[in-house]
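From first to last, the protein sequence lines are chains A and B.
According to the working numbering, the first sequence holds residues 1 to 199 in order.
According to the working numbering, the second sequence holds residues 1001 to 1163 in order.
For glycine and all other residues, C-beta sits at the position ideal for the given N, C-alpha and C.
One structure is given below, encoded as structure tokens.
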Amino acid sequence: MESFLLILLIFMIVGSIIAIETKNLLSSVISCGVVGFSVSIAFLMLGAPDIAITQVVVEILILVVLIRATITIDNTSIEEHWDTFAVVSSLIFFGLFLVFAFLAVKDLPPFGEPSMRVSQQYLETALQKTGAANVVTSIILDFRGYDTLGEATVLFTSIVGAFVILRRRGRKQRSAADTEKVGILTEEEIKEEYEEFRE
Amino acid sequence: MATKPDIMISDGPKGMTPIVKTVVRFAMGIIFMFGWYIILYGHLTPGGGFAGGVILACGYVILTLAFGKELGLRKLSDMGASIIDNTAALLFAVVPMFGFLFGWYFLNFLDKGRPFQLFSAGNIPLYNIFIGFKVTASLFAIFMALSIFGRFVSKLVDEEEEG
């Protein structure tokens, strides 16, 4: 079990290195997919089918969107250039990350032996309290409903932001009434003031 | 029955090859049925509103890729997707407020029913359906926005067809 997870992790690391190093954008996108599908297999092995299903379908949709978006762009090859500052700084930060990760992981409960305090309560009382046979759904939509509401808000906000950025045409020019009301100067007025200032 | 021919019946020049169109025609109903199954049975089996919504969005994306953007926009226009997205998000925030009538926010106030039945677990299937609608509409809209690069693309497509 753990050796299979290790193989999956190594597979993921190799996939991400290929995704970074390859020159072709399409191969890079497909190598990114390696990470997502391996993560979903890992979730399935660890006994979390809910998250595995979500991971698989999200990965498929993201791959389709990325391939669709990258193929239409003309520049599909990346020029390589050596940046000493970037390499040195990323090495330093990676070393710092390793040190703090070692300090933090030492205090975590060991793999396969979670501390069952709140989760024991959920497992024992979820079916009577909510009537849902799927304990995961009863947690995310009943016990932890605020979390799901926040997640939906994050999704909604990101969609609105993407819509605002990706629209083809901007808003129409400000009308005269609006500029008078808010007190924004029109271009002619700005030019007049500038000329008065120069004189 | 059908008065005018549908785009899905005719192998028009738009979209991909007839092989892809035939396969998509067979797989379409199964994909949508599976998505709705994942959403509606989210409180009984693995899955839920988010996973089912992404499957439904994948169905619309496949339709768009195989048959061209006109058919995809006819099945779910981006204006309609915006409206569905906003309405479902609002409902998901407002319906838990009725819990204040009986106690607190996010209270499961509907009838719990018998466990392992489709109509059980009170509010949870309702929230699953809201999230499913929201995720379907928003992910399809974001696909359209990313692939065609335009706000309210359906109007632009109509203008192109007319002009």
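Give the interface partners of residue 60 (chain A) over in chain B, defined as CB-CB distance under 7 Å, in chain order. 1058
Quick check: what's the CA-CA separation for residue 148 (chain A) versus residue 194 (chain A)? 54 Å
Give me whichever residues DSSP pairs with residue 1128 (chain B) in a beta bridge. DSSP lists no partner for residue 1128 (chain B).
9 Å Cβ cutoff, residue 40 (chain A) in contact with chain B: no
At least one CB of chain B closer than 9 Å to the CB of residue 145 (chain A): is that the case? yes
Does any residue of chain B bring its CB to less than 9 Å from the CB of residue 141 (chain A)? yes
What does residue 131 (chain A) reach in chain B if we use C-beta pairs closer than 7 Å? 1112, 1113, 1115, 1120, 1121, 1122
With distance defined between alpha-carbon atoms, name the residue in B:1038, B:1101, B:1116 nearest to residue 1109 (chain B). B:1101
Nearest CA to the CA of residue 1144 (chain B): which residue from A:65, A:124, A:152? A:65
Helix, strand or coil, according to DSSP, for residue 1108 (chain B) in the structure here? coil
Distance, residue 1033 (chain B) Cα to residue 1127 (chain B) Cα: 19 Å
Three-state secondary structure (DSSP) at residue 134 (chain A)? coil
Continuous alpha helix (DSSP H) stretch holding residue 1075 (chain B): start and end: 1069-1075
State buried or exposed for residue 81 (chain A), treating a residue as buried only when at least 16 other CB atoms are found within 10 Å of its CB. exposed
Three-state secondary structure (DSSP) of residue 1086 (chain B): helix
Delimiting residues of the alpha helix (DSSP H) encompassing residue 2 (chain A): 2-21
Among residues of its own chain, excluding the 5 on either side of residue 212 (chain A), which ones have a beta-carbon nearer than 6 Å to its beta-carbon? This structure leaves residue 212 (chain A) out entirely; chain A is present only between 1 and 199.
Span separating the alpha-carbon of residue 152 (chain A) from that of residue 1037 (chain B): 21 Å
Check each residue of the stretch 1077-1090 of chain B: if its Cβ is closer than 7 Å to any Cβ of chain A, include it; give the result in chain order. 1085, 1089
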